[in-house]
Amino acid sequence: MTLIGQASRWLGALAICLVILLPVVWVLSISFKPPQEWLAYPPTIIPVEPTTSNYIVLFQPGNPVGGVAAMVSSAEPVTQALINSLIIAPIATAASVLIGFFAAYAVSRYRVGGTFMPFFTLTTRMFPPVAFAVPLLVYYRMLGLIDTQLGLILMYTAFTVAFSLWMMKGFIDGVPRHIEEAAVLDGASPWRVLFTITLPLVRGGLAATALFVFILNWTEFLFALVFTSREAITIPVQVSHYVGAVGRFYGPQAALGIVASIPVVVAGYLIQRHLVTGFTFGLVRE
Amino acid sequence: MGEGFIILKGLRKEFGELVAVEDLELEVEEGEFLCFLGPSGCGKTTTLRMVAGLEIPTAGDIFLRGERINDLPPQRRNVGFVFQNYALFWHMTVHDNLAFGLMVRRAPRSEIEREVGEMARWLELEDLLETKASRLDLSAMQRVALGRTLVTRPQVLLLDEPLNNFRPALREIMRGELKRLQKQLGSTMIYVTHDQEEAMTMGDRILVMSAGRKVQLATPRELYRQPNSLFVAGFIGRPPMNLLEVTYAREGDRAFLRKGELAWDVTLLRHAIEGGLRGEKAVLGVRPEHVLPVEEAERRGLKDTVVTGKVDLVQPLARKKIVDLFIDDTLIKMVVSSDFPVAKDDQVEVVFHPQETHLFDKETERAIYNGLS
């Protein structure tokens, strides 16, 4: 390949990276800017007078943002939302992936539900979520699940299980049946085959699915907004609380966005190794 | 039940509309090396999977050692199965692959280690024990697949085209290895293949299948010398048997097979022919190695109709040549020794070895006689 060709490829890749990363960089930038710079024109990427007050205010809401007296947030400290999110999203993810895995195995290997049932599970994703909100609100009131962690866990599990099922079905379909049959002929029971053969072989797929579902749960806003008020609010809802008499508090919002992204980045990084083994699964010779 | 170690009775398997195996009757003897031979899709793998319990027969019974095993789950049949693609547990090491069957059976740890060690030594896998199965080369995979199956000492060993992925040289070596192994273990083996050469070199007996049905069950020698149908005649032997369409005709008290100008005197066989032939159309079969140059036939004192052909192609092999001849517009192949002088467009006079011709009914495709004349 010529030097120019190679250079243009690199430039192309760089341009795509910029488009993807620009919003992230922008949020990071705002999170360190004092109020007067949030909407300043022309904008700067590097804050002129960098400040950490946007972060401090997340935990100590009484502090005026950037020292500006009018900028006092009425939001609760972020701690409660952070704890709620850290409980709700992982549990809902684990439940969803677990149920999805077993359901996918049943669908893939035993054709449970024929072709209709697996498809039907997708209907939960076919309506705009808000269409479910009102009827569910009635149920949740009766069940006393409003503004509880359990309420959101159940809801998130139910709404992501279709994704888990379909993603896991793809990975399980990719495991050659012969491998399971070989284990059966070696004398293994169906459960043993499932846990010692199939499950380890789709480990990468399980990790990929878990990461995907975790991101969905972590960033979900609508249901969290409708079904919680104080006790069980999650980070996306908390972000919406940084509004004052003088307008939106872009700085604290950006700061919380950055804080909220840390667990996902860490989880993604930890799971990355498994993702790679998951996607080199094509190595299996069929 | 009878003496058969494995007995299949009226075995039938349907997949929806498709009938994969139909009315299969078979007795396999203990310690026998039996090959299932046939083109792909003829039902041989399906039959094997029914014996293993991986497919449930639509009808018919399977007996193992006199016991009906139709309803016995595959886990409890004590049948070893080597899959075409080995079906190794890719996420495990060679050691764990070999140990799996014993671990499932809750064998004591010391016994597992001993058996695995022995198997690894015997299959020359010792250096690979800690290697992940997904990193092995083909030959090692095959040995692991075999070892994993053998380690539980199955009564019956079923192999589904296990040598398919090998290059030819290695294939030949592995054939010998497998055959030796089977004799050594004295186990009963059923070996599925679509390669007639493989079946001919390995099998004590061969079951030839076509379209889900048994065509012929015989020793390799019988299949070669006495094919019971056109299908077997065409399937066994390379290059395949030459088949010429002929017409049977009586002339006074003599009888002839005619093809154009050519005629073969079959007076002595006329009872056999008239007993077996439905119409007058028949197919005359002669193997390429039984098409003799006229000089050689004379030297060996074999007399029959001399056929003249025009050489179309000569393919030299190491000690032999395959010569394509046109007799009128019918192409036949002959195998001659490599010192036989022949070149393209030569006119060659040949004789069909009179004791080695075969005749088939054109309609029913059944054999009428095999090499009697």
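Taken in sequence, the protein lines are chains D and F. Under numbering that gives the first Met the number 0, the first residue of the first sequence carries the number 0, and numbering increases by one thereafter. Under numbering that gives the first Met the number 0, the first residue of the second sequence carries the number 0, and numbering increases by one thereafter. Glycine included, C-beta positions come from ideal geometry on N, C-alpha and C.
Checklist line | Min CB distance Ser-188 (chain D) to chain F below 8 angstroms | finding: Any Cβ of chain F closer than 8 angstroms to the Cβ of Ser-188 (chain D) would place that residue at the interface, and such an atom is present.
Item checked: Asn-216 (chain D) versus Phe-158 (chain D) - alpha carbon distance -> 9 angstroms
Next item on the list: Go through its chain and collect everything with a Cβ distance to Val-20 (chain F)'s Cβ below 7 angstroms, but skip five positions before and after it.
Entry: Leu-10, Arg-11, Lys-12, Gly-42, Thr-45, Thr-46, Gly-211
Check: Within the 8 angstroms Cβ cut-off, does Gln-74 (chain F) reach chain D?
Finding: yes
Notebook entry, point to check: In chain order, what residues of the same chain lie with their CB nearer than 8 angstroms to the CB of Ala-6 (chain D), ignoring the 5 residues before and after it?
Noted result: none
Notebook entry, point to check: What does Thr-151 (chain F) touch in chain D if you count any residue whose Cβ is under 8 angstroms from its own?
Noted result: Asp-185, Gly-186
Next item on the list: List the residues of chain F that Arg-191 (chain D) touches, going by C-beta distances under 8 angstroms, in chain order.
Entry: Those are Val-103, listed as they occur along chain F.
Item checked: Integer Cβ distance of Lys-343 (chain F) from Leu-312 (chain F), believed to fall under 8 angstroms -> Between Leu-312 (chain F) and Lys-343 (chain F) the Cβ distance is about 7 angstroms, and since that is below 8 angstroms, they are a contact.
Next item on the list: State the Cα-Cα distance for the pair Gly-146 (chain F) and Glu-244 (chain F), rounded to the nearest angstrom.
Entry: 50 angstroms
Notebook entry, point to check: Which residues of chain D have a Cβ atom closer than 7 angstroms to the Cβ of Leu-53 (chain F), listed in chain order?
Noted result: Those within 7 angstroms of Leu-53 (chain F) in chain D are Glu-180.
Note to self: With a threshold of 8 angstroms between beta carbons, is Ile-3 (chain D) in contact with chain F?
What the structure shows: no
Check: For Thr-148 (chain F), does the count of other Cβ atoms within 10 angstroms reach 16, so buried, or fall short, so exposed?
Finding: buried
Checklist line | Ile-196 (chain D): contacting residues in chain F (beta-carbon distance under 7 angstroms) | finding: Phe-88
Notebook entry, point to check: Taking all protein chains shown into account, do 16 or more other C-beta atoms lie within 10 angstroms of the C-beta of Pro-73 (chain F), making it buried, or fewer, making it exposed?
Noted result: buried
Notebook entry, point to check: Between Val-349 (chain F) and Gly-300 (chain F), is the Cβ-Cβ spacing less than 8 angstroms?
Noted result: The beta carbons of Val-349 (chain F) and Gly-300 (chain F) sit no closer together than 8 angstroms.
Notebook entry, point to check: In chain order, which alpha helix (DSSP H) runs of at least 4 residues are fully inside the segment 12-80 of chain F?
Noted result: Listed in chain order, the alpha helix (DSSP H) runs fully inside the segment 12-80 of chain F are 43-51, counting runs of at least 4 residues.
Note to self: Looking at Leu-224 (chain D): is its Cβ nearer than 8 angstroms to the Cβ of Ala-161 (chain D)?
What the structure shows: no
Next item on the list: Spatial neighbours of Arg-253 (chain F) within its chain, please: CB distance less than 6 angstroms, with the 5 preceding and 5 following residues excluded, ordered by chain position.
Entry: Thr-266
Checklist line | Glu-295 (chain F) in three-state terms, based on DSSP | finding: Helix, per DSSP.
Next item on the list: State the beta-bridge partners of Pro-315 (chain F) as determined by DSSP.
Entry: Residue pairing by DSSP places Pro-315 (chain F) opposite F:Lys-320 in a beta bridge.
Margin query: In this structure, how does DSSP classify Ala-254 (chain F) when only helix, strand and coil are distinguished?
Written below: strand
Margin query: Residues of chain F with CB closer than 8 angstroms to the CB of Pro-175 (chain D), please, in chain order.
Written below: Asn-84, Ala-86
Item checked: Leu-222 (chain F) versus Arg-204 (chain F) - alpha carbon distance -> 9 angstroms
Item checked: Proximal residues to Gln-181 (chain F) (C-beta, below 6 angstroms), its chain only, five neighbours per side dropped -> Phe-32, Met-188
Notebook entry, point to check: Where in the segment 87-131 of chain F do unbroken runs of the alpha helix (DSSP H), each at least 4 residues long, occur, reported from the N-terminal end onward?
Noted result: 93-103, 108-121
Next item on the list: Could you name the residues of chain D that Phe-80 (chain F) contacts, counting a contact when the two beta carbons are closer than 8 angstroms?
Entry: At a beta-carbon threshold of 8 angstroms, the residues of chain D lying near Phe-80 (chain F) are Glu-180, Ala-181, Leu-184, ordered along the chain.
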